[in-house]
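*Asks:* Residue numbers (my numbering), protein chains in the order written: chain E, 205 to 319; chain L, 1290 to 1651; chain D, 104 to 278.
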Amino acid sequence: MQKIEIKITKVREEIASFYEPKVWHFLTLNGVALDEETLEVQWIFSRYEALDDVVIYFSKISYDTLIPSIVELIPSAIISQRELVDMFGVPVEGTEKGLYLDEDSMQKPLAGCKL
Amino acid sequence: MSKKTINIPLGSQHISLLEPVRFKFECENETIVGVDSDVGFVHRGVERACTTKFKYDAIGYVVARICGLCAITHSLSYTVAIEKLMDAQVNSKIQYLRTLLLELDRIHSHMLCLSHTAESAGFEAMFMRIMGDREDIMEIQELLTGNRIQFDYISIGGVNRDIDSQRAKEITLRLRELEKKIYGYIEEFENNWSLSLKYKGIGRLSLDEAYKFNAIGPLARASGLAIDVRNEIDYLPYKEIGFEMQLHTDGDIHARNSVRLAEILNSIAMCRNILEGLPDGDIFTKIKGKPTGEVLVRYEAPRGELMYYVKGNKTAMLDRVRIKTPTFASIPAFSHIFMGENYADAPAILASFDPCLSCTAK
Amino acid sequence: MFKKFRKKSPWILHYNAGSCNGCDIEILACLSPKYDLERFGVINTGNPKQSDIFLVTGPVTMRSRERLVELYTQMPEPKVVIAVGSCTCTGGVFRDMYNVEDGIDRYIPVDVYIPGCAASPELIIDGVVKALDILEKKTKEREKPFRLFKDFTLKDGIVSRRESALRIGDDDAKD
């Protein structure tokens, strides 16, 4: 497992220069709440037909930072982005909320510190 | 002259759906030109409960309740993640027993999907036939674990039940009987003319599209994309027990069925190999300590790749459990396949994906 | 005609209100040749307006609760509701999770509870057979005539409209 830190503003350039559809498999977009203010966003890739070759691009941001969308590069990222918006309440470019949560359910269930 | 489009909803409650999911098809005459899906009906909030409500040693049984069909893969992925975080090693007997149950689970899940695909194409007799034969596998699982669906077989550091030689013999016998029946299905699915009308060339996903939409599981393998996590991991001894990747090139419903049937045969062969060469040893290893650090574990569930990301902090409560389920990742590919198909084929196409919405929404 | 044969051929409506699929595939297994629930004349249907027995699985999630109540109200009387599985009865492991409503009896009245995670086919068959008896009882109850205004006059001949209005829905008014 290889972890590479990138700046949130450079996400699209970095992933565009790295991602090749026939070599890398986009796994998912993940968020980890570090504390009340910081969120670690991870873009996880794995190599086809290789033994446990996983690359994680990550970036530490605050909850009101706009996360750039990578849907133009990887169309299947849209569903992960919608989940991220719902679960952490962070804004992602061109992504609406409401994949899982309704108006009256708990908002941002995974954001911030634990109970 | 402008063309009119009609919106047709499918779900959330529908006779051909096992689970609540709503699709909204935008149709132009008979052809689907737009798809809108709502998958959040089953969202329960397991990820949050894993970090706030349950301690790390109980979560293995909680995550099994995410999905009844691939329960074993969920609890196994989580258990392996925790064992990696605590630097524990388990002996080869435990690994073989875990693999055995994983493959039995795959067989019953694939059989359920095949019967469902047959039913959606209007072949009720085939549905009954496969469902009847599927009971063999359910009984084997009951013999091995004590329950039919939610096994709770895997615990951190081992498995909960041993297998004796008499049971192993009976399981081998039953698997041999089942294998004969599977050859019968292969003949039916390959040669039945009316099924070919419903299956061949319908719901096609090309190889390039599979790459583009990051398809996984039998959906990708039916298009010729060689992705199978069993080939890419080393925590289970898949190489030793004769795993072979099953590929097909057509990418339509028929290809998906063929891939599933071939995988069932491969799984039966693997189960037989495991039962023949099962080593001696304890079924439980004591593990001390608390999980710390972060780890990413992937497994091949019946529907494709399952990913667990677990982060611990030396206490009994974990920091983060991220579950990426197979159906969740393939929803963009599903929506793409529906475009340009006939509305009448929609239930059959949907059944051939083998969607698992309770996995998707967690 | 319908009343006489309702017990012999009840139609089942199945709804998944957020379960793990375990109970749903067991219900499907019940319909398969080995357990063969259809020998009781049961047919699995997708239309709420034609069904008599409502099989529900899963703790009710936020998004599915409206559909659950809507399906229940669309079913014609008499109807029997069966809760299949531990999480349907009480919430089970999902109790107190943020998007879960802890069992269906918070929303609709339940007649038969089937425990188990996952409920085994034998239990489901037992539950359905019990539901058939309840269905028959409910059918008979509906056939009985009952007075709307039982002794609504007070001793001095003054009618209290408030009291009689209260009595209409009372249980003892039916016998």
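Even for Gly, the Cβ is constructed at its ideal location relative to N, Cα and C.
By the criterion of Cβ-Cβ separation under 8 Å, what are the contact partners of E:E310 in chain D?
*Replies:* In the sequence as displayed, the identity of residue 310 of chain E is Met instead of Glu. By Cβ distance, chain D contributes Y201, N202.
*Asks:* Taking Cβ-Cβ distances below 7 Å as the criterion, which residues of the region 279-298 of chain E are in contact with chain L?
*Replies:* So the list reads P279, S280, I282, I283, given in the order they occur along the chain.
*Asks:* In its own chain, which residues sit with a C-beta less than 8 Å from the C-beta of E:L314, not counting the 5 before and 5 after it?
*Replies:* G235, A237, M291, F292.
*Asks:* How would you write the range of the alpha helix (DSSP H) that L:K1579 sits in, first residue to last?
*Replies:* From DSSP, L:K1579 is part of no alpha helix (DSSP H); its letter is neither H nor E.
*Asks:* Measuring only the C-alpha atoms, how far is L:L1390 from L:S1398?
*Replies:* Straight-line Cα distance between these residues: approximately 12 Å.
*Asks:* Short of 8 Å in beta carbon distance, which residues of its chain neighbour E:I212, apart from the five on each side in sequence? Order them along the chain.
*Replies:* Excluding residues within five positions, the ones whose Cβ falls inside 8 Å are V245, S263, I265, T269, I271, P272.
*Asks:* Rounded to whole angstroms, what's the CA-CA distance from E:R216 to E:I274? Just pull it up for me.
*Replies:* Going from the Cα of E:R216 to the Cα of E:I274 covers about 6 Å.
*Asks:* Determine, using beta-carbon pairs with one atom in the region 1616-1623 of chain L and one in the region 1372-1385 of chain L, whether at least three such pairs fall under 8 Å.
*Replies:* As far as the Cβ criterion goes, the region 1616-1623 of chain L does not touch the region 1372-1385 of chain L, which means the pair count is below three.
*Asks:* So with Cβ pairs under 8 Å, would you call L:P1621 a contact of chain E?
*Replies:* Cβ-Cβ to chain E under 8 Å: yes for L:P1621.
*Asks:* Tell me the rounded alpha-carbon separation between L:R1354 and L:T1340.
*Replies:* Those two C-alpha atoms are separated by around 16 Å.
*Asks:* Please report the straight-line C-alpha distance between D:R209 and L:S1326, rounded to a whole angstrom.
*Replies:* Spanning the two alpha carbons is a distance of roughly 28 Å.
*Asks:* Of the residues that make up the region 165-183 of chain D, which ones have a beta carbon closer than 7 Å to any beta carbon in chain E?
*Replies:* Hits within the stretch, in order: M165, R166.
*Asks:* At the level of alpha carbons, what is the spacing between D:V145 and D:P113?
*Replies:* So the two alpha carbons sit approximately 5 Å from each other.
*Asks:* Give a yes or no on whether the C-beta atoms belonging to L:M1415 and L:E1476 are separated by under 8 Å.
*Replies:* In this structure, L:E1476 does not lie closer than 8 Å to L:M1415 by Cβ.
*Asks:* Tell me, to the nearest whole angstrom, how far the beta carbon of L:Q1535 is from that of L:N1555; I am working on the premise that it is less than 8 Å.
*Replies:* Confirmed, about 6 Å.
*Asks:* Within the continuous alpha helix (DSSP H) that includes L:N1480, where are the two ends?
*Replies:* Start and end: 1454-1480.
*Asks:* Measuring CA to CA, which of D:V203, D:Y118, D:P212 is closest to E:S334?
*Replies:* Residue 334 of chain E lies beyond the residue range present for chain E, which begins at 205 and ends at 319; the question has no answer from this structure.
*Asks:* Can you tell me which of the three DSSP states L:Q1439 falls into?
*Replies:* DSSP places L:Q1439 in coil when its eight states are reduced to three.
*Asks:* Can you pull the chain D neighbours of E:P272, defined as C-beta to C-beta under 8 Å?
*Replies:* The premise fails here: E:P272 is roughly 29 Å from chain D at the closest Cβ pair, so nothing lies under 8 Å.
*Asks:* So that I know if they touch, is there some Cβ in chain D lying closer than 8 Å to that of L:I1438?
*Replies:* By this cut-off, L:I1438 is an interface position.
*Asks:* Are the C-beta of L:N1503 and some C-beta of chain E separated by less than 8 Å?
*Replies:* Closer than 8 Å: yes.
*Asks:* Relative to the C-alpha of L:E1413, which candidate in D:M178, D:L134, D:V231, D:F143 has its C-alpha closest?
*Replies:* Closest option to L:E1413, Cα to Cα, is D:L134.
*Asks:* Starting from L:V1310, follow the beta strand (DSSP E) in both directions and report where the run begins and ends.
*Replies:* Here L:V1310 belongs to no beta strand (DSSP E), and DSSP marks it neither H nor E.
*Asks:* With a threshold of 16 other CB atoms inside 10 Å of the CB of L:W1482, please say whether the residue is buried or exposed.
*Replies:* With fewer than 16 other Cβ atoms within 10 Å, it is exposed.
*Asks:* Tell me whether the region 1505-1524 of chain L and the region 243-262 of chain E touch, counting them as touching only if at least three CB pairs, one residue from each stretch, are closer than 8 Å.
*Replies:* Short answer: they touch.
*Asks:* Within 10 Å of its beta-carbon, does L:I1295 have 16 or more other beta-carbons around it, so buried, or fewer, so exposed?
*Replies:* L:I1295 should be labelled exposed.
*Asks:* Nearest CA to the CA of D:I207: which residue from D:G149, D:G161, D:K111?
*Replies:* Minimum Cα distance to D:I207 is reached at D:G161.
*Asks:* Here's the rule: buried if 16 or more other CB atoms are within 10 angstroms of the residue's CB, otherwise exposed. What is L:I1297?
*Replies:* Exposed.
*Asks:* Below 8 Å, can you find three or more Cβ-Cβ pairs linking the region 114-123 of chain D to the region 1624-1635 of chain L?
*Replies:* As far as the Cβ criterion goes, the region 114-123 of chain D does not touch the region 1624-1635 of chain L, which means the pair count is below three.
*Asks:* So which residues on chain L does D:C133 lean against when the C-beta distance must stay under 8 Å?
*Replies:* The contacting residues do not exist; D:C133 stays about 10 Å from chain L at best.
*Asks:* Should L:E1372 be labelled buried (16 or more other beta-carbon atoms within 10 Å of its own) or exposed?
*Replies:* It is buried - the Cβ of L:E1372 has at least 16 other Cβ atoms within 10 Å.
*Asks:* Locate the alpha helix (DSSP H) running through E:F222, then write down its first and last residues.
*Replies:* 215-222 is the span of the alpha helix (DSSP H), which, as asked, contains E:F222.
*Asks:* Between L:R1587, L:K1603, L:A1605, which has its C-alpha nearest L:Y1597's C-alpha?
*Replies:* Per the Cα distances, L:R1587.
*Asks:* With a cut-off of 8 Å, does the C-beta of L:E1521 fall near any C-beta of chain E?
*Replies:* Answer yes: the Cβ-Cβ gap between L:E1521 and chain E drops below 8 Å somewhere.
*Asks:* Which residue wins for smallest C-alpha separation from L:H1543, given the options L:L1525, L:L1508, L:G1566?
*Replies:* Checked all of L:L1525, L:L1508, L:G1566; the closest Cα to L:H1543 is L:L1508.
*Asks:* Tell me which same chain residues have a C-beta within less than 8 Å of the C-beta of L:S1647, skipping the five on either side of it?
*Replies:* These residues qualify, in order along the chain: E1308, V1331, I1355, C1356, G1357.
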